[in-house]
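A.B. asks: For reference, the structure I am asking about is given below.
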Ligand code: SAH
Ligand code: SF4
Ligand code: F3S
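In structure tokens:
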């Protein structure tokens, strides 16, 4: 029986999960990584501790991604494996969170009767009560509400930092409705968190040793959260965060080109803590395709924007997302994308083969032949990796900041991220994790740099 229970908070008996073990598997974007941590904390306050395998767990939570077909299919292959595990361990509870949970909701419970809890991204604060109800025998809890209460107000915020770099969600949801994308449906409309809460969370992260914070949002540069004197833009928020003692680096992702305000561009030249790395997805270099995607800008406008950003911060490393084989894409549209890539010169990039998603306008359109889309994707990826390695090689001889994140594989070696987000290996017997040091880059290898500490 499907119990569509959105009132688990009040309905569930007080049955704490003392001594219970939780395994979380996370797919998708950085926001899912952040959300998984928050769910682990929420469940932690209910007595659960985290373990790193399903076999060792009393509850398994799969935090899903719906962005492309392949991503969402992973849920059902995981659930197949878990069904077997549950046969041996009937008390095992299975939860599904994230964007597939939001998009498919009751359909998951129907297809996979072994699932106990389905919880959408806006209802995570209700998860402990749902888990309690499941343990008390109430099967198949579903909550995919977009409640009026703010989940962030209800989740515990004192979190244990797992190293000197952390994510911090400042904005969630999207109002852009790109023709191919499920995010506006799975994450809902844009909501910005009030600046005071973000500042509190940032201070608490710094107290726990975090030095580098990436502000997260599906459309992070559309941020317009309440400040002490009216709403703040993302640039305003970054300005406020730059005053937090001990916070040495600030980054943000993901941005939409149309929301790159003048103040944000200027901040790249003015705020020393704002790192010279910007992920600014363009998706295509063809105006016809950009229009069909509902991106609401042209290739030329993107190029002019890049010029202005580079004028503010000449050494900024640019990254982007691309889609190959969007419906209606011809060889000449693809050539226009290749052209745009050549003109910009990206230091990092993610490219994907178009995947038709149920409920999106583009899914109604005729698809490009799969082999043609594959060939275009490969051509694009070859050019993008050439650019990435060429740009990485220009770092050799330069002095950069490196924040040590973990021990390297070699003795006395530490690995950290540079200002431009390159992984850098440094032999430094005196170095400590969490320390920000000056490094001279000595070599560029496949996916990282090597360097010598100079300060
Ligand atoms: N909020 C981000 C994008 C999140 S999705 C932004 O606006 O940039 C991350 C990337 O996945 C997108 O930039 C896009 O390149 C890709 N993507 C989204 N939907 C897709 C689809 N249906 N098929 C293939 N790639 C897709
Ligand atoms: Fe999706 Fe477009 Fe919104 Fe990005 S801006 S999340 S691609 S709809
Ligand atoms: Fe995937 Fe949802 Fe993130 S669809 S990319 S997990 S916002």
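Numbering (my numbering), first residue to last: 23 to 477. Idealized CB from N, CA, C, for every residue including glycine.
1. Taking 7 Å as the cut-off, decide whether the C-beta atoms of residue 156 and residue 141 are in contact.
2. Give the secondary structure of residue 104 by DSSP, where H, G and I count as helix, E and B as strand, and everything else as coil.
3. Going by DSSP, which residues form a beta bridge with residue 274?
4. Going along the chain, which unbroken runs of the beta strand (DSSP E) with 3 or more residues stay wholly within the stretch 241-296?
5. I need the straight-line Cα distance from residue 304 to residue 324, nearest angstrom please.
6. According to the Cβ coordinates, are residue 104 and residue 118 closer than 7 Å?
7. Considering only heavy atoms of ligand 2 and the C-beta of each residue, which residues fall inside 7 Å, strictly closer?
8. With residue 256 and residue 295 assumed to form a contact (beta carbons below 8 Å), what rounded beta-carbon distance in angstroms separates them?
9. Comparing alpha-carbon positions, which option in 95, 391 and 102 lies nearest residue 20?
10. Is it the case that the CB of residue 343 approaches a heavy atom of ligand 1 more closely than 6 Å?
11. Residue 52: buried (16+ other C-beta within 10 angstroms of its C-beta) or exposed?
12. What separation, rounded to the nearest whole angstrom, lies between the Cα atoms of residue 69 and residue 152?
13. In the DSSP assignment, find the alpha helix (DSSP H) that holds residue 134 and state where it starts and stops.
14. So for residue 301, helix, strand or coil by DSSP?
15. Could you tell me the alpha carbon to alpha carbon distance between residue 471 and residue 75, rounded to whole angstroms?
16. Where does residue 343 sit, in a helix, a strand or coil, going by DSSP?
17. For my contact list, residue 101 and residue 122 are in at a C-beta cut-off of 8 Å; report their separation, rounded to the angstrom.
18. Relative to the C-alpha of residue 373, which residue among 407, 387 and 220 is closest?
19. Assuming residue 146 is part of the beta strand (DSSP E), what are its boundary residues?
20. Below 8 Å on the Cβ atoms is my contact criterion, and I expect residue 426 with residue 454 to pass it. Report the Cβ-Cβ distance as a whole number of Å.
21. What does a CB cutoff of less than 8 Å around residue 320 pick up in its chain, not counting 5 residues either side in sequence?
22. If I measure Cβ to Cβ from residue 60 and keep anything under 6 Å in the same chain, skipping five residues before and after, which residues do I get?
23. Please report the straight-line C-alpha distance between residue 330 and residue 40, rounded to a whole angstrom.
24. Please report how far the alpha carbon of residue 273 lies from the alpha carbon of residue 237, in whole angstroms.
25. Along the chain, where does the beta strand (DSSP E) that runs through residue 445 open and close?
26. Would the C-beta of residue 377 count as close to ligand 1, meaning under 6 Å from any of its heavy atoms?
27. Grouping DSSP H, G and I as helix and E and B as strand, with all else coil, what is residue 23?
28. Based on the DSSP secondary-structure assignment, which residues constitute the bridge partners of residue 71?
29. Comparing alpha-carbon positions, which option in 430, 287 and 443 lies nearest residue 451?
30. Which one or two residues does DSSP pair with residue 194 in a beta bridge?
31. In angstroms with no decimal places, state the Cα-to-Cα distance between residue 473 and residue 160.
32. Determine, using beta carbons only, whether residue 299 and residue 442 come nearer to each other than 7 Å.
33. Put residue 393 into one of helix, strand or coil per three-state DSSP.
34. To the nearest angstrom, how far is it from the Cα of residue 458 to the Cα of residue 318?
35. Less than 8 Å between the CB atoms is what I'm expecting for residue 360 and residue 401, so what's the real figure, rounded?
36. Taking only heavy atoms of ligand 1 into account, decide whether any of them is closer than 6 Å to the Cβ of residue 90.
C.D. replies: Here's the rundown:
1. Taking the first residue of the chain shown as position 1, residue 156 is located at position 134. Taking the first residue of the chain shown as position 1, residue 141 is located at position 119. Against a cut-off of 7 Å, the Cβ pair of residue 141 and residue 156 comes out as no contact.
2. Numbered from 1 along the chain shown, position 82 holds the residue referred to as residue 104. Helix, per DSSP.
3. Start at 1 with the first residue of the chain shown, and residue 274 comes out as number 252. In DSSP, residue 274 forms a bridge with 237.
4. 247-249, 252-254 and 271-275
5. Numbered from 1 along the chain shown, position 282 holds the residue referred to as residue 304. Numbered from 1 along the chain shown, position 302 holds the residue referred to as residue 324. Those two C-alpha atoms are separated by around 7 Å.
6. The residue you call residue 104 lines up with position 82 of the chain shown. The residue you call residue 118 lines up with position 96 of the chain shown. Against a cut-off of 7 Å, the Cβ pair of residue 118 and residue 104 comes out as no contact.
7. Every residue passing the under-7 Å Cβ criterion appears here: 196, 198, 199, 200, 203, 205, 206, 240, 241, 276, 278 and 303.
8. Numbered from its first residue, the chain shown carries residue 256 at position 234. Numbered from its first residue, the chain shown carries residue 295 at position 273. 14 Å between Cβ atoms; not a contact.
9. No answer is possible for residue 20: the residues shown for the chain start at 23 and end at 477.
10. If you number the chain shown from 1, residue 343 lands on position 321. Correct: residue 343 has its Cβ closer than 6 Å to ligand 1.
11. For the purposes of this step, residue 52 is taken as the residue at position 30 of the chain shown. Exposed.
12. Sequence index remark: in the chain shown, residue 69 carries index 47 (1-based). Sequence index remark: in the chain shown, residue 152 carries index 130 (1-based). The alpha-carbon atoms of residue 69 and residue 152 are separated by roughly 14 Å.
13. Here residue 134 refers to the residue found at position 112 of the chain shown. It is not in any alpha helix (DSSP H) - residue 134 carries neither H nor E in the DSSP assignment.
14. Residue 301 sits at position 279 when you count from the first residue of the chain shown. In the structure shown, residue 301 sits in a strand (DSSP, three-state: E or B).
15. Start at 1 with the first residue of the chain shown, and residue 471 comes out as number 449. Start at 1 with the first residue of the chain shown, and residue 75 comes out as number 53. Rounded to whole angstroms, the separation of the alpha carbons of residue 75 and residue 471 is 33 Å.
16. Your numbering for residue 343 matches position 321 in the chain shown. It is a strand residue.
17. Here residue 101 refers to the residue found at position 79 when the chain shown is read from its first residue. Here residue 122 refers to the residue found at position 100 when the chain shown is read from its first residue. Wrong, their Cβ atoms sit about 11 Å apart, outside the cutoff.
18. Here residue 373 refers to the residue found at position 351 of the chain shown. Of the candidates 407, 387 and 220, the one whose C-alpha sits nearest the C-alpha of residue 373 is 407.
19. Residue 146 sits at position 124 when you count from the first residue of the chain shown. Here residue 146 belongs to no beta strand (DSSP E), and DSSP marks it neither H nor E.
20. By one-based count along the chain shown, residue 426 stands at place 404. By one-based count along the chain shown, residue 454 stands at place 432. Indeed they touch by this definition, with Cβ atoms about 7 Å apart.
21. Reading the chain shown from its first residue, position 298 is the one you call residue 320. Counting only Cβ-Cβ distances below 8 Å, and skipping sequence neighbours, we find 309 and 312.
22. The residue given as residue 60 occupies position 38 in the chain shown. Excluding positions up to five away in sequence, the list reads 177.
23. One-based indexing of the chain shown puts residue 330 at position 308. One-based indexing of the chain shown puts residue 40 at position 18. Computed Cα separation, rounded: 55 Å.
24. Here the question's residue 273 lines up with position 251 in the chain shown. Here the question's residue 237 lines up with position 215 in the chain shown. For residue 273 and residue 237, the distance between alpha carbons rounds to 6 Å.
25. Mapped onto the chain shown, residue 445 falls at position 423. Segment 445-449, the beta strand (DSSP E) holding residue 445.
26. Residue mapping note: residue 377 aligns to position 355 of the chain shown, counting from 1. Indeed, a heavy atom of ligand 1 lies less than 6 Å from the Cβ.
27. For the purposes of this step, residue 23 is identified with residue 1 of the chain shown, where counting begins at 1. Interpretation of residue 23 is limited by its pLDDT of 32, a score under 50 that renders its predicted location unreliable; no figure is taken from the coordinates.
28. Numbered from 1 along the chain shown, position 49 holds the residue referred to as residue 71. Answer by DSSP bridge pairing, in chain order: 43.
29. Taking the chain shown and counting its residues from 1, one reaches residue 451 at position 429. Selected option, being the one with the closest Cα: 430.
30. The sequence position of residue 194 within the chain shown is 172, counting from 1. DSSP output for residue 194 lists 213 as bridge partner(s).
31. Here residue 473 refers to the residue found at position 451 of the chain shown. Here residue 160 refers to the residue found at position 138 of the chain shown. Cα to Cα, residue 473 sits roughly 57 Å from residue 160.
32. On the chain shown, residue 299 is found 277 positions in, with the first residue counted as 1. On the chain shown, residue 442 is found 420 positions in, with the first residue counted as 1. Yes, Cβ-Cβ distance for residue 299 and residue 442 is below 7 Å.
33. For this step, residue 393 is matched to residue 371 along the chain shown. Per DSSP, reduced to three states, the secondary structure at residue 393 is helical.
34. Within the chain shown, the letter at position 436 stands for residue 458. Within the chain shown, the letter at position 296 stands for residue 318. Straight through space, the alpha carbons of residue 318 and residue 458 are spaced by roughly 40 Å.
35. For the purposes of this step, residue 360 is taken as the residue at position 338 of the chain shown. For the purposes of this step, residue 401 is taken as the residue at position 379 of the chain shown. The pair is a contact, with the Cβ atoms about 7 Å apart (cut-off 8 Å).
36. Residue numbering aside, residue 90 sits at position 68 when the chain shown is read from its first letter. Yes, the Cβ of residue 90 comes within 6 Å of a heavy atom of ligand 1.
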